[in-house]
Amino acid sequence: MYKNDRVIRRYSESFKLKILDELTAGKLNKYQLGKAYGIAPTTINEWIKKYNRKDLMNTRVTVKTKDEITRIKQLQKEIEQLKKLLLKKDMDALIEDSYLEVAAEQLGYKSVLELKKKLSIKP
């Protein structure tokens with residue numbers, strides 16, 4: 023057998039996305055999909071990375087003590103709090119931008135940028 027006798031398979035983008043959709047549906051895991059379509063699970067992992075589908079990657083958490091479980095729960099709560107704070111900050115910025123747009127329009131400025139320039143000149 024020669025080196026060039028190997029079969030090289032190329033998969034279309036739509037086929038790759040179909041496999042990832044099936045994986046997302048949760049009916050089959052990577053190994054079952056690989057077996058059904060003749061694809062190595064490592065190939066499916068490459069597609070997951072390529073399409074940035076971290077939600078489909080396996081995550082492993084090893085918990086050994088009650089202290090670790092407590093710490094994980096605390097960190098999860100902290101993550102949720104930080105997400106809420108970030109969302110609030112984004113909403114506040116959006117509201118502020120909306121107020122500036124209305125103010126600029128009512129004061130007769132062509133744009134928010136023009137209003138900001140004018141306001142920064144004043145003491």
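Numbered per my numbering, the sequence shown spans residues 23 to 145. All residues carry an ideal CB built from backbone N, CA and C; glycine is no exception.
With the cut-off set at 8 Å, would you say residue i and residue j are in Cβ contact?
i	j	result
Leu-45	Lys-38	no
Ala-126	Glu-136	yes
Specify, as a first and last residue, the run of the alpha helix (DSSP H) that residue i falls within.
i	result
Ala-62	Ala-62 -> no alpha helix (DSSP H), and no H or E assigned at all.
Classify residue i: buried if its beta carbon has 16 or more other beta carbons within 10 angstroms, exposed otherwise.
i	result
Ile-70	buried
Ile-101	exposed
Lys-144	Because the pLDDT of Lys-144 is 46, which lies under 50, any placement of that residue in the model is unreliable, and the question is left without a value.
Ile-117	exposed
Trp-66	Residue identity check: residue 66 is Ile in the sequence provided, not Trp. So Ile-66 ends up on the buried side.
Would you mind working out which of the options sits nearest residue i, comparing C-alpha positions?
i	options	result
Met-79	Thr-64, Glu-90 and Lys-95	Thr-64
Arg-31	Leu-104, Gly-60 and Ile-94	Gly-60
Glu-123	Asp-112, Ser-133 and Leu-104	Ser-133
Which whole-angstrom value is the C-beta distance of residue i and residue j, which I expect to be below 8 Å?
i	j	result
Leu-108	Tyr-73	With 8 Å as the limit, Leu-108 and Tyr-73 do not qualify as a contact, their Cβ atoms being about 25 Å apart.
Ala-62	Gly-56	6 Å
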